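Counting in numbering that gives the first Met the number 0, the sequence shown tops out at residue 290, every number present. Working notes, structure below.
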Amino acid sequence: MNNDTEEKKRHSSRLVPFSCYRCKIPDYFSNVPLHWHGEFELSIIHEGLMEYICGDDRFIAAEGDIIVIAPNILHAMYPHGGGVQRYDTVVFSAEMLGLSDNDRSAAECIRPLANGGFTALRITDAHSYYNELRLTVENIVSCALGNTPRLDMLMKSELLRLFWLLEDNGDISAHSPVERGKSEMMRPALEYIADNFSENITIEQLAATVHLSKSYFMNRFRETSGVTAVEYITQYRIRAACSALLECSKTVSEISFECGFRNLSNFNRQFRRLMGCTPNEYRKIGERHDY
């Protein structure tokens, strides 16, 4: 992450304002810790159970569920129970919905929706429009994976249909902004971790960023993120190490130090605990997969 509080990974560009991910836990990562980004996020669960934290909301998503998360909402995903969790995710800019257009639908529907019309939705097979929504989401994922200019046109139309169905059913409203909730209090602490994860970080420093006592901060952080602050920092560092292992040729020792670990044995132990393999094994697995 960087100082503008957004996730470090860029999910879109001016010409291709979306990204698509075929995710499998625990093969590629053990969980998705609390984070946020400036794009919408759309997922469909194919296998397993996932525990979602979205702002102040918590829910379990099962096979077939569709999850829609608004821009800049704090969210995390943890596997629920054992086994494998598989899901497809499309992260897309509001530009795909016509945010910059000057017609009345952009002015009255898209812009307000992108700025607080909802936080997160879990759509199950009990939804009135579930079959239509599922087909629409599958088409969106297919278009994103196809990744061509012609498919971008179809993807835009399917995204607009998705949000039209949700608004028609009353799931979202561009005219009724939703309060972000108490979880927003922790955002400065998460920013601090993102900016300083390679250095030593104390609970006292984090508590000071949100003007809370140490004990109250620790309780609130766990309520917000689902894990302790110390565990969150460890997970953040390990995910940074995972990216480095796949993206550069530095040694495991160098990556360990740059990601905030001062003891190689501890780094190896924490890496195996969270990823189920050693750093070198993870690097070799990554060479065989298309990330």
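Heads up, the beta-carbon is just placed ideally off N, CA and C, and yes, glycines get one too. This structure is a prediction, so every number in the text was calculated from the model and none was measured.
Burial check for Ala-106: the Cβ neighbour count within 10 Å stays below 16, so the residue is exposed. In this structure, the CA atom of Arg-57 is about 11 Å from the CA atom of Tyr-77. In the three-state scheme derived from DSSP, where H, G and I count as helix and E and B as strand, Ile-59 is classed as strand. At a Cβ-Cβ threshold of 7 Å, Asn-71 and Tyr-128 do not count as neighbours.
Beta-bridge analysis with DSSP links Ser-18 to Val-90.
Glu-137 is the residue among Met-184, Asp-55, Glu-137, Gly-145 whose C-alpha sits nearest the C-alpha of Leu-161.
Under the 10 Å beta carbon count, His-36 is surrounded by 16 or more other beta carbons and is classified as buried.
Taking 8 Å as the upper bound for CB-CB distance, Gln-84 and Gly-47 are in contact here, some 3 Å apart. Our two residues, Trp-163 and Leu-134, have alpha carbons roughly 14 Å apart in a direct line. Within a 10 Å sphere around the beta-carbon of Val-226 sit 16 or more other beta-carbons, which makes this residue buried. When the beta-carbon positions are compared, Ala-69 and Thr-123 stay at least 7 Å from each other. Relative to the Cα of Arg-121, the nearest Cα in the group Gly-63, Arg-149, His-79, Asp-100 belongs to Gly-63. Residue pairing from DSSP leaves His-36 without any beta-bridge partner.
Shown here, Cys-53 sits in a strand according to DSSP, grouped into three states.
Separation of Thr-233 and Gln-269 (C-alpha to C-alpha, rounded to the nearest whole angstrom) is 8 Å.
Taking C-beta separations shorter than 6 Å and ignoring five residues to either side along the sequence, the partners of Ser-252 in its chain run Leu-263, following chain order. Taking a C-beta distance under 7 Å as the contact criterion, Phe-91 and Phe-28 do not qualify as a contact pair.
In this structure, Leu-112 and Leu-73 do not form a Cβ contact; the two beta carbons are roughly 19 Å apart against a cut-off of 8 Å. The beta carbon of Cys-276 is closer than 6 Å to none in its chain, skipping five residues each way along the sequence. Collapsing the DSSP output to three states places Leu-120 in a strand. Our two residues, Arg-103 and Ala-143, have alpha carbons roughly 27 Å apart in a direct line.
For Met-217, the enclosing alpha helix (DSSP H) stretches over residues 213-224. Just so you know, the alpha carbons of Ala-125 and Ile-43 end up roughly 15 Å apart.
DSSP assignment within the segment 130-197 yields the following whole alpha helix (DSSP H) runs of 4 residues or more, N-terminal first: 148-167, 186-195. Around the Cβ of Thr-88, a 10 Å sphere holds 16 or more other Cβ atoms; the residue is buried. A distance below 7 Å between beta-carbons, with the five flanking residues on each side excluded, links Cys-108 to the following residues of its chain, in chain order: Ala-173.
Taking a contact as a CB-CB distance under 8 Å, the pair Arg-221 and Leu-211 does not count as one, their CB atoms being some 13 Å apart.
CA-CA distance, Leu-273 to Asp-100, rounds to 44 Å. Looking at the backbone, the Cα of Cys-53 and that of Pro-187 are separated by about 17 Å.
Ranked by Cα distance from Leu-98, the first of Glu-38, Ile-202, Met-217 is Glu-38.
In this chain, the alpha helix (DSSP H) harbouring Met-274 covers 263-274.
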